[in-house]
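Here my numbering runs 1 ahead of the position in the sequence shown, where the first position is 1.
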Amino acid sequence: MRRRLRAGPIYRWRFSGRTPDRVLIAPPDLRLADAQIAIEIYHARYPLEGHVVDTGGHSPFLFETPNVKWQAALHGFRWLRHMRASGTELAAANARALVADWMNVNGRRISGLAWDPDVTARRIISWLQHSAVVLQGADYSFYRAFLKSLALQIRYLRTMAPEMPDGEARLRARIALCFAALSLPVAQTTLKGATRNLAAELDRQILPDGGHISRNPGTLMELLADLVPLRYTYSNQAENPPEALIGAVERMLPALRFFRHSEGTLARFNGMGPTIHDRVAAILHHDDTAGEPLLHAPYSGYERMTMAKTIIVADTGTAPPREVSHDAQAGCLSFEMSSGRHQFIVNCGLDKRGADDYRPLARATAGHSTATINDSSSARFQVSARLSRIIGSPIVAGPSQVKCERTDTRQSQGFLASHDGYVSRFGLIHERELSLGGDGSVLQGADRFLRPGGGPVRSGLRVDLRFHIHPDIGIFRDRAEKLVMAARDGEAWTFECRDVAAEVEESIFFAGLGGPKRSCQIVLSFDPVELQEVEWRLVRSSDRR
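Shown next as structure tokens:
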């Protein structure tokens, strides 16, 4: 209600003011650009958020489509970078025409998705970063109209930022306002205020180990793509970056490396979807330390094990705060395993661009390489369609106590962790112990299901231990009836379990670049009354180097 009041006619007078006379600097943009997309846009085909919309030569800002993600990307103007990559006068003229079109259609009336504060923040950053392309060859009237619209959007965002929901969007708004204060001629007090607000938001949202409060590795990548250029913009304008910005970037870059598998993909936890490898590489190029990532991220709630060419990343944390848990998943104690150029054990990930019907499946515990009890998730989500339109779909209940300790030795790396996500419903604590040894060729695992304080396990329960396999990995049984996971180049891992017969079932991998893909999963099903501990292991069985 406060956001609507601030966007209404009563507050409208606060958005008026002096128009800046020039753009001082165009901040850099680290996001990848493709000149071919500029050609597509010139022909009125807009490939945004995994969907191509052909407007038939009409204004895209008047084109009606039910795809909200596509609309948000359109109004966010990040696609201007493709015009810059094209480097032609035709692309610059097309960029200028589309910006003028937006100002004519949406610039006068502050309403709708185009003026959502998060979309507005993205648009402000994009217009500033690519102002050289937009203003190339522009006449004086367009130049003034561009600056006037930009100033209006900045004043609007400055008013709306305090009322934005917690999380990535609010931090991006503070980043956008700092970009604006550095790129336009403003009073020194304006820059100091924007810097102070950014520092406060960074201190609150970026954890001491470099993770984000949402616990989403993808959020780190998105924020770093704006924070690193912002750090350079301060320096280019002979301004001292705030200590909070320097410290946040220096913590976040190693944290991003923490979640990265050896072939470049980010581990799929708490909302992470497909990884565009070049984007991650472009950001990590600015990591001056370039050292080995940490093994323990206690504030973010993750563990990492790495020996030789084998990497394990595991979720050992509680659910993020409710306000930032709209993409969070019920994957406590799940893990991913990669070896060399291949990922073998994965989580299903989140499909960022596909149908919303997939989201509940991807967020469920069954979509992760961990244990479920009676096919239920270790966390519960807000699923009311009516409430979702207002507050989204946050986690409303989940593990409140997750204990974890490292068990490293000279010959191995490991940890012992447990969570209470199933205690209230089934009276069981799930405890998982992982150990990576044998120079990275053996992963030992043990899963236990214990009553708090001891006592017998109640009847009528079924545990399913799931190990989701990457769709690029084949699976078959060898002569000894053991399950073998094999990559195309010959590297293979054998799954062994003496306690329970392993079965292969179908699965779905939601985080593919081309959309969801069919995959497989190894499942161990048993009654915790009869078997309270299951030991298993993965052994590298062949490797053609």
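Yeah, the Cβ is synthetic: ideal placement off N, Cα and C, and Gly gets one too. The structure presented is a predicted model; accordingly, all values stated were derived computationally and were not measured.
Handout entry: For Asn-217, the nearest candidate out of Glu-244, Arg-269, His-469 and Leu-158 (CA to CA)
Key = A check of alpha carbon separations from Asn-217 across Glu-244, Arg-269, His-469 and Leu-158 identifies Arg-269 as the nearest.
Practice task
State the Cα-Cα distance for the pair Arg-23 and Tyr-43, rounded to the nearest angstrom.
Solution key: 27 angstroms
Practice task
Name, in chain order, the residues that DSSP records as bridge partners for Trp-537.
Solution key: For Trp-537, which the question treats as bridged, DSSP gives the partners Gly-446.
Handout entry: Cβ pair Cys-333, His-469 closer than 8 angstroms
Key = no
Exercise for the section: Buried or exposed for Glu-531, please, with buried defined as at least 16 other CB atoms from any protein chain shown within 10 angstroms of its CB. Expected result: exposed
Problem - Within 8 angstroms, strictly: CB atoms of Arg-124 and Gly-77 - result: Judged by beta-carbon spacing, Gly-77 lies within the 8 angstroms limit of Arg-124, meaning their Cβ atoms are closer than that value.
Problem - Per DSSP, cross-strand counterpart(s) of Cys-405 - result: Ala-418
Exercise for the section: Return the residue from the list Leu-231, Ile-26 and Ile-207 that minimises the CA-CA distance to Val-134. Expected result: Ile-26
Practice task
Using three-state DSSP, classify Ser-436 as helix, strand or coil.
Solution key: strand
Exercise for the section: Using the Cα positions of Gln-522 and Val-53, report the straight-line distance between them to the nearest angstrom. Expected result: Cα to Cα, Gln-522 sits roughly 33 angstroms from Val-53.
Exercise for the section: Tell me whether Lys-193 sits in a helix, a strand or coil according to DSSP, three-state version. Expected result: helix
Handout entry: Residue from Ser-236, Glu-223, Pro-322 and Gln-189 whose Cα sits closest to the Cα of Leu-267
Key = Glu-223
Exercise for the section: For His-213, write down the residues that DSSP places opposite it in a beta bridge. Expected result: Ile-207
Exercise for the section: Work out the CA separation of Val-187 and Leu-153 for me, nearest whole Å. Expected result: Looking at the two C-alpha atoms, the distance is approximately 14 angstroms.
Exercise for the section: May I have the straight-line CA-CA distance separating Asp-316 from Phe-260, to the nearest angstrom? Expected result: 11 angstroms
Problem - Backbone CA spacing between Leu-362 and Pro-517 [nearest angstrom] - result: 12 angstroms
Practice task
Thinking Leu-369 and Ile-474 are a contact (beta carbons under 8 angstroms), I'd like their distance in whole angstroms, please.
Solution key: The sequence shown places His at residue 369, rather than the Leu named in the question. That pair is no contact at about 17 angstroms.
Exercise for the section: Report the option in Glu-251, Ala-282 and Arg-110 whose CA atom is closest to the CA atom of Glu-264. Expected result: Ala-282
Handout entry: For Cys-179, three-class secondary structure by DSSP
Key = helix
Practice task
With 8 angstroms as the threshold, decide whether the Cβ of Ala-372 is near any Cβ in chain C.
Solution key: Absence of chain C from the displayed structure is noted, only one protein chain being present.
Practice task
For Asp-465, I'd like the list of residues in its chain whose CB is within less than 6 angstroms of its CB, leaving aside the five on either flank, ordered along the chain.
Solution key: The answer, listed in chain order, is Thr-373, Val-524 and Ser-526.
Handout entry: Within 8 angstroms, strictly: CB atoms of Asp-210 and Tyr-300
Key = yes
Problem - Cβ pair count under 8 angstroms reaching 3, the stretch 192 to 210 against the stretch 172 to 180 - result: Flag = yes, the stretch 192 to 210 and the stretch 172 to 180 touch.
Problem - Test item: CB-CB of Gln-445 and Met-308 under 8 angstroms - result: No, they are not a contact pair.
Handout entry: Ser-401 to Ala-96 span [Cα, whole Å]
Key = 50 angstroms
Problem - Where Arg-19 falls: helix, strand or coil (DSSP) - result: coil
Practice task
Note down the Cα distance separating Glu-406 from Leu-296, rounded to an integer number of angstroms.
Solution key: 12 angstroms
Practice task
Enumerate, from N- to C-terminal direction, the unbroken beta strand (DSSP E) stretches of 3 or more residues contained entirely within the stretch 291 to 333.
Solution key: 303 to 308 and 311 to 316
Practice task
Leaving aside the five residues before and after Leu-417 along the sequence, list all residues of the same chain whose C-beta is less than 6 angstroms from its C-beta, in chain order.
Solution key: Glu-406, Thr-408 and Glu-434
Practice task
Below 8 angstroms on the Cβ atoms is my guess for Gly-399 versus Arg-411; work out the distance and round it to an integer in Å.
Solution key: Taking C-beta atoms under 8 angstroms as the contact rule, Gly-399 and Arg-411 fail to qualify, at a distance of about 36 angstroms.
Handout entry: C-alpha gap between Arg-82 and Ala-329, whole angstroms
Key = 30 angstroms
Handout entry: Straight-line gap, Ile-126 to His-471 (C-alpha atoms, nearest Å)
Key = 36 angstroms
Handout entry: Rounded Cβ spacing between Arg-79 and Arg-32 (contact assumed at less than 8 angstroms)
Key = 7 angstroms
Handout entry: Where Thr-121 sits in the DSSP three-state scheme
Key = helix
Problem - Between the CA atoms of Ser-340 and Asn-241 - distance to the nearest angstrom - result: 42 angstroms
Problem - Per-residue burial, Asp-30 [other beta carbons within 10 Å of its own, 16 or more giving buried] - result: Counting Cβ neighbours within 10 Å, Asp-30 comes out buried, since at least 16 surround it.
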